[in-house]
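K.L.:
Taken in sequence, the protein lines are chains E and Y. Using this note's numbering, you'd call the opening residue of the first sequence number 1 and step up by one each time. Using this note's numbering, you'd call the opening residue of the second sequence number 288 and step up by one each time.
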Amino acid sequence: MTAALLDGLVAGLQLGLLALGLSLLHGLAGVLNLAHGSFAVVAAVVAANLADGAGAPIGLAALAGIAAAAALAVALDRTVLRAVDAAPPDARVLLSLLLTLGVAFVVDGLLGWRYPDVALSIRVGGGPVEVLGVPMRRGALVAAGVAAATTVALVALLRGTVRGLAVRSVVQDEVGARLVGVDPARVRTLVLGVGGALAGLVAVTAAMTGPVDVRAGLDLTVQALVVAVVGGLGSVTGALLAGVLLGVVQALAAHLLGSYLTTVVLLLAAAATVLLRPRGLLGGDAS
Amino acid sequence: MTVPLLRDDTTATRLRAALPVLATTLPLALVPLLLDGSRTFTGVATGILLLAGYAAGFNVLLGLSGQLFLAVGALGAVGGYATVLLADRGGLPLALALVVGTFGAAALGRLFSWAGVRRRLDALFTGVLTLAFALGLRSVLLARRELTGGEDGLPLAAVDGTWLDDPSAGYLVVLAAVTLVLAGHRVVVAGPAGWALRALRHDPEAAALAGVDVGAHRVAAGTVGGAVLGLVGGLQAIVDGRVAPQAYDLATVDVAALVVLAVGGLGLWAAPLLGAVALGLLDELVLRNLGPLRLAVEGAVLVVVFATARAGLGTLVRDAVGRALARRRSG
């Protein structure tokens with residue numbers, strides 16, 4: 001049970017990071033990027049090709065993968081999401097869903113065609129480390145450490161820098177933010193880029209605990225969506241908290257019920273949140 | 288624009304609205320003859336009609352009432368699995384099993400719409416709720432192997448040795464169902480409900496202020512849309528002679544139905560048929576040989592169409608033709 005809890009914590013930190021970009025984007029611009037998981041997979045594929053194919057150091061390959069995911073997200077903002085900007089406000093949510101779903105299919109289809117057998121797997125050397133009496137793989141601990149450090153850095157950026165303040169101001173009140181000179185379009189580009197980078201980072205750290213292959217895009221998007229909805233769309237703290245909670249629930253359910261029903265448990269959590277408390281755990285909170 | 292209250296809104300008028308559907312689908316009954324009884328090509332033609340059926344159900348939900356259900360295939364699976372399980376294991380006559388499956392899917396569609404109305408959920412949350420159902424159902428179908436056959440699915444023994452074993456018969460049954468659905472679409476849209484749905488699709492708040500019961504119409508659309516999807520899913524199981532999870536997959540059914548409506552035009556009665564024929568022919572001639580690239584091509588179609596024409600290509604063409612005719616009349 002302790003092992004399941006610790007595994008859940010590791011997975012939860014990653015889930016929170018994965019959901020964070022998605023959640024922030026919705027809070028900022030009212031749009032949802034259903035290609036989020038596909039961008040994560042792009043990071044994994046780029047990193048795998050550089051590391052295995054070109055023999056690049058794994059750290060450099062991982063950074064390149066993360067940069068690729070961020071670049072794709074920015075490209076999405078500069079192209080496809082312009083059509084969403086032009087739509088009437090009440091049509092934007094649906095249009096963003098349809099357009100980003102299309103982008104997800106394009107990315108997944110191209111990756112499946114070009115790299116059908118590519119999977120990223122990062123082996124972290126050294127034996128297991130004992131945590132609370134439970135032997136944990138080093139890869140899992142490194143993944144958890146990277147996720148935790150990134151979370152702390154991100155929260156510090158959002159709270160302690162001018163850019164972070166600009167992001168929070170647009171989430172809270174776009175009109176007010178414009179009045180004080182903040183450009184919501186540039187903030188959205190920044191958030192998409194950061195969200196893409198975070199998705200890429202999650203794919204790279206997930207590869208330390210198990211292979212990430214080209215078919216993982218939809219699964220990652222769904223996981224991010226579930227966590228973002230449960231945490232409350234637009235809430236950074238909510239996404240991180242929901243990530244840890246659902247990570248633990250997922251690990252415990254896998255330990256007790258098996259993998260198929262684990263999925264059902266997660267999805268029931270999403271459905272229950274939508275029905276009982278659509279704003280999520282901390283929805284509406286931009287901090 | 289004609290004001291609906293002043294129109295000749297009689298039952299006869301509304302039934303006449305179904306005539307274009309009959310004029311379009313009746314000639315399609317000759318297709319098995321033209322295909323000379325070829326099982327392969329009749330199967331392809333039936334597949335196109337099934338796709339049109341799924342798109343027609345999705346059209347009621349998304350095109351007419353603006354509800355994004357990411358559970359098109361899943362609701363079809365409810366109809367399909369209910370048909371097979373009730374007919375083979377429950378001992379029900381096949382037609383009754385199909386009806387029960389259809390009602391089951393209708394009830395679920397009604398539930399999702401009702402939940403969306405009660406909780407005032409927008410397209411995003413309705414999409415998340417229905418996506419959660421679709422993925423959860425898939426997991427259950429795979430997990431409960433003893434009941435559902437898992438990934439292998441179940442055969443439908445009830446059709447063995449019956450007239451439904453003939454591919455042409457299956458084609459005609461599906462054609463009849465699609466005709467019924469499209470005719471119903473035309474008849475409803477020609478009446479007051481059609482105006483109400485158009486209004487709530489365009490501006491729900493204004494529609495409510497004008498006296499339209501937005502919630503009731505959305506729930507009704509959810510019920511009908513769910514029923515259509517369940518019916519098509521059941522028919523798919525009958526013509527295939529089996530049911531399996533991958534036949535109702537999100538990536539297979541929902542994507543295709545969305546592409547069909549993107550091409551055909553959201554809300555237009557002819558969109559499912561036109562879009563399904565276009566996609567079906569494209570699939571047979573080009574896409575089938577592309578492997579995973581097929582998904583990329585379909586995704587590209589979605590992006591290009593919805594980025595340039597929010598309501599689909601068919602609607603763009605219809606509006607352009609309407610403007611040209613209006614200019615000709617005034618000029």
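Each residue gets a CB set at the ideal place from its N, CA and C atoms; glycine is no exception.
Among Y:Pro319, Y:Ala342 and Y:Ala305, which has the Cα closest to the Cα of aspartate 453 of chain Y?
P.N.:
Y:Pro319
K.L.:
Is there at least one Cβ from chain E nearer than 8 Å to proline 579 of chain Y's Cβ?
P.N.:
yes
K.L.:
Quick one: Cα of valine 608 of chain Y to Cα of leucine 555 of chain Y, how far?
P.N.:
14 Å
K.L.:
Name the chain E residues that come within less than 7 Å of leucine 411 of chain Y, Cβ to Cβ?
P.N.:
Leu32, Val93 and Leu97
K.L.:
Whose Cβ in chain Y lies nearer than 7 Å to the Cβ of alanine 83 of chain E?
P.N.:
Ala594
K.L.:
Provide the residue(s) that pair with leucine 120 of chain E in DSSP beta bridges, ordered along the chain.
P.N.:
E:Val212
K.L.:
In three-state DSSP terms, what is proline 278 of chain E?
P.N.:
Assignment of proline 278 of chain E by DSSP, reduced to helix, strand and coil, places it in the coil class.
K.L.:
For aspartate 108 of chain E, which residues in chain Y fall below 9 Å Cβ to Cβ?
P.N.:
Ala538, Pro579, Leu582, Ala583 and Gly586
K.L.:
How should serine 287 of chain E be labelled, buried or exposed, when 16 other C-beta atoms within 10 angstroms of its C-beta is the threshold for buried?
P.N.:
Model confidence at serine 287 of chain E stands at a pLDDT of 36, short of 50, so the residue's coordinates are unreliable and nothing is read from them.
K.L.:
Can you tell me the Cα-Cα spacing of valine 290 of chain Y and proline 479 of chain Y, whole angstroms?
P.N.:
At valine 290 of chain Y the pLDDT is 46, less than 50, meaning the model places this residue with poor confidence and gives no usable figure here.
K.L.:
Chain E partners of valine 573 of chain Y, CB-CB under 9 Å?
P.N.:
Those within 9 Å of valine 573 of chain Y in chain E number zero; the least Cβ separation is about 14 Å.
K.L.:
Which residue from Y:Leu398, Y:Leu428, Y:Arg432 and Y:Asp439 puts its Cα closest to that of leucine 648 of chain Y?
P.N.:
The structure shown does not extend to residue 648 of chain Y, since chain Y is modelled only from 288 through 618, so no value can be given for it.
K.L.:
Pick helix, strand or coil for proline 57 of chain E, following the three-state DSSP scheme.
P.N.:
coil
K.L.:
Does the beta-carbon distance from leucine 373 of chain Y to alanine 382 of chain Y come in below 8 Å?
P.N.:
No, these two residues do not count as a Cβ contact at 8 Å.
K.L.:
Does the stretch 18–33 of chain E touch the stretch 170–187 of chain E, meaning 3 or more C-beta pairs lie closer than 8 Å?
P.N.:
The way I'd put it, the stretch 170–187 of chain E does touch the stretch 18–33 of chain E; three or more beta-carbon pairs between them come closer than 8 Å.
K.L.:
For glutamate 130 of chain E, list the residues DSSP reports as bridge partners.
P.N.:
In the DSSP assignment, glutamate 130 of chain E is bridged to E:Pro135.
K.L.:
Quick one: complete beta strand (DSSP E) runs, 3+ long, within the stretch 492–520 of chain Y?
P.N.:
none
K.L.:
Is the beta carbon of threonine 262 of chain E less than 8 Å from the beta carbon of alanine 271 of chain E?
P.N.:
In this structure, alanine 271 of chain E does not lie closer than 8 Å to threonine 262 of chain E by Cβ.
K.L.:
Mind reading off the beta-carbon distance from leucine 241 of chain E to leucine 281 of chain E? Whole number of angstroms is fine, and I expect it under 8 Å.
P.N.:
In this structure leucine 241 of chain E touches leucine 281 of chain E by the C-beta definition: roughly 6 Å separates them, less than 8 Å.
K.L.:
Could you tell me the distance, in whole angstroms, from the CA atom of valine 564 of chain Y to the CA atom of glycine 403 of chain Y?
P.N.:
33 Å
K.L.:
Starting from the beta carbon of phenylalanine 39 of chain E, find every residue of chain Y whose beta carbon is closer than 7 Å, and list them in chain order.
P.N.:
Taking a Cβ-Cβ cut-off of 7 Å, phenylalanine 39 of chain E has no neighbours in chain Y, whose nearest Cβ is about 14 Å from it.
K.L.:
In whole angstroms, what is the alpha-carbon distance linking glycine 512 of chain Y and arginine 488 of chain Y?
P.N.:
15 Å
K.L.:
Skipping 5 residues on each side, what residues in its chain have a beta carbon closer than 8 Å to that of valine 331 of chain Y?
P.N.:
Excluding residues within five positions, the ones whose Cβ falls inside 8 Å are Gly567 and Glu571.
K.L.:
Kindly indicate the opening and closing residues of the alpha helix (DSSP H) around aspartate 108 of chain E.
P.N.:
92–114
K.L.:
Can you tell me whether arginine 505 of chain Y is buried or exposed, with buried defined as 16 or more other CB within 10 angstroms of its CB?
P.N.:
buried
K.L.:
Answer with yes or no whether the minimum CB distance from alanine 104 of chain E to chain Y is below 8 Å.
P.N.:
Output row for alanine 104 of chain E: interface = yes.
K.L.:
When burial is assigned at 16 or more other CB atoms within 10 Å of the CB, is glycine 176 of chain E buried or exposed?
P.N.:
exposed
K.L.:
Around the Cβ of glutamate 492 of chain Y, are there at least 16 other Cβ atoms within 10 angstroms (buried) or fewer (exposed)?
P.N.:
exposed
K.L.:
With C-beta atoms as the reference, is valine 359 of chain Y less than 8 Å away from leucine 516 of chain Y?
P.N.:
Taking 8 Å as the Cβ cut-off, valine 359 of chain Y and leucine 516 of chain Y qualify as a contacting pair.
K.L.:
How about tyrosine 341 of chain Y and glycine 363 of chain Y: do their beta carbons lie closer than 8 Å?
P.N.:
For the pair tyrosine 341 of chain Y and glycine 363 of chain Y, the CB atoms are nearer than the 8 Å cut-off.
K.L.:
Rounded to the nearest angstrom, what separates alanine 73 of chain E and glycine 21 of chain E at their Cα positions?
P.N.:
11 Å
K.L.:
So is glutamate 130 of chain E buried or exposed if we call it buried at 16+ other beta carbons inside 10 Å?
P.N.:
exposed
K.L.:
Does the separation of the CB atoms of valine 530 of chain Y and leucine 441 of chain Y fall below 8 Å?
P.N.:
yes
K.L.:
Valine 222 of chain E versus chain Y: which residues are under 8 Å apart at the beta carbon?
P.N.:
Leu418 and Leu422
K.L.:
In the DSSP assignment, the alpha helix (DSSP H) including leucine 223 of chain E goes from what residue to what residue?
P.N.:
In the sequence as displayed, the identity of residue 223 of chain E is glutamine instead of leucine. First-last of the alpha helix (DSSP H) with glutamine 223 of chain E: 217–231.
K.L.:
Give a yes or no on whether 8 Å exceeds the smallest Cβ distance from arginine 406 of chain Y to chain E.
P.N.:
Yes, contact with chain E.
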